[in-house]
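Each residue of the sequence shown is one higher than the one before, starting from 1412 at the first, in this note's numbering. Glycine is no exception: its CB is placed at the ideal position from the N, C-alpha and C atoms.
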Amino acid sequence: MGQDQTKQQIEKGLQLYQSNQTEKALQVWMKVLEKGSDLVGRFRVLGCLVTAHSEMGRYKEMLKFAVVQIDTARGLEDADFLLESYLNLARSNEKLCEFHKTISYCKTCLGLPGTRAGAQLGGQVSLSMGNAFLGLSLFQKALESFEKALRYAHNNDDTMLECRVCCSLGSFYAQVKESMKIALQHGDRPLQALCLLCFADIHRSRGDLETAFPRYDSAMSIMTEIGNRLGQVHVLLGVAKCWMARKVQDKLSQLKLHCLSESIYRSKGLQRELRTHVVRFHECVEETELYCGLCGESIGERNSRLQALPCSHIFHLRCLQNNGTRSCPNCRRSSMKPGFV
């Protein structure tokens, strides 16, 4: 069977499948698989068979065709084909609840150089990884993967992917809610804190920031009570993401946000993110000219007490106390009793 004839048979199978004649479509595709000599055509047919068996709930058959597709992709020596086949292998194992294998294959997908992972299939890979983490009850990692998948969906206007992610988030919420019930019944404070943190992250991912903030506060209270320092870092990071989502306009709040983010990423050893927030902090200082007029240091970089004079100029409290004058060092206007910022 030549290349053109293979394409025709693939299209014929798709038409039958779309008209709900599933078994006839499978017969057409199997004949192409038996007689076709074109590797690209074989790869496409295997993809159709994987999808069809997935939708019919025949997950062992789905896995069988995904394995054959991997071998075909290797024969084609094309990174994009290899990426697609590894994704199908990850999905097959996800359906069979082989979650560790799913995560491993997803990581393989993301590690393939020169592929469409950053554009077309990256969101689907992140979604499959999130479902696997959810199956293992690794809530934080699951939510991080779902958020990545949502970003891919929004950036590429992929409404189908967005719908699938929202369905997974619904399952995520239900599972966390059930875990919270168990935690409350048994008085398990660490699990309660984790569930509250997950609830807050879910609301943040949905854009419901007003609900997220009190959940973060409750999670922080329990994390502090039980002495979970890593948990406190996760809470602070979530709060920082909330402030970023709100696109804070208050420059002093932005400075505090970047300082908080800097300390978090420094403690976690994430150098790239650390540098980003250091640069943004200094850009914010330069934009607003928030420098102490006496010592020349930037305001907001350290946890120092500030004073605002009636003329609206801001200084470090210690600098004004050491200055020994009641007039503004900048404009020389007479000052009344200053107020603390």
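Between the stretch 1486-1494 and the stretch 1461-1477, the count of Cβ pairs shorter than 8 Å is below three; the stretches do not touch. Burial state of residue 1540 is buried, judged by a 10 Å Cβ sphere holding 16 or more other Cβ atoms.
Of the candidates 1464, 1457, 1560 and 1649, the residue whose Cα lies closest to the Cα of residue 1607 is 1649. Here residue 1679 is exposed. Its C-beta has fewer than 16 other C-beta atoms within 10 Å. Not a single unbroken stretch of the beta strand (DSSP E) spanning 3 or more residues falls wholly within the stretch 1531-1587.
Between the alpha carbons of residue 1511 and residue 1558 lies a distance of about 20 Å. Contact between residue 1705 and residue 1670 does not hold, since their C-beta atoms are separated by about 21 Å, which reaches or exceeds 8 Å. A Cβ-Cβ distance of about 7 Å is found for the pair residue 1603 and residue 1595, placing them in contact under the 8 Å criterion. Considered as a whole, the stretch 1439-1480 harbours 1450-1466 as its complete alpha helix (DSSP H) runs of no fewer than 4 residues, in chain order. Under the DSSP assignment, residue 1625 falls in the alpha helix (DSSP H) whose first and last residues are 1620-1637. Annotated as proximal: residue 1483 and residue 1457, with beta-carbon spacing under 8 Å. With respect to the 8 Å criterion, residue 1454 and residue 1480 are classified as neighbours on the basis of their beta carbons. Rounded to whole angstroms, the gap between the alpha carbons of residue 1452 and residue 1415 is 9 Å.
Per DSSP, residue 1612 is one residue of the alpha helix (DSSP H) stretching across 1600-1616. Taking all protein chains in view, the Cβ of residue 1612 is crowded by 16 or more other Cβ atoms within 10 Å, so the residue is classified as buried. Here residue 1641 is exposed, its C-beta having fewer than 16 other C-beta atoms within 10 Å. Counting the other Cβ atoms within 10 Å of the Cβ of residue 1631 gives 16 or more, which makes it buried. A residue is called buried when at least 16 other Cβ atoms come within 10 angstroms of its Cβ; residue 1636 does not meet this threshold and is exposed. Within the model, the alpha-carbon separation for residue 1449 versus residue 1469 is close to 26 Å. In the three-state reduction of the DSSP assignment, residue 1705 falls in the coil class, being assigned neither a helical nor a strand state. In the three-state reduction of the DSSP assignment, residue 1491 falls in the helix class. Across the structure, residue 1478 and residue 1500 are spaced so that their CA atoms are roughly 7 Å apart.
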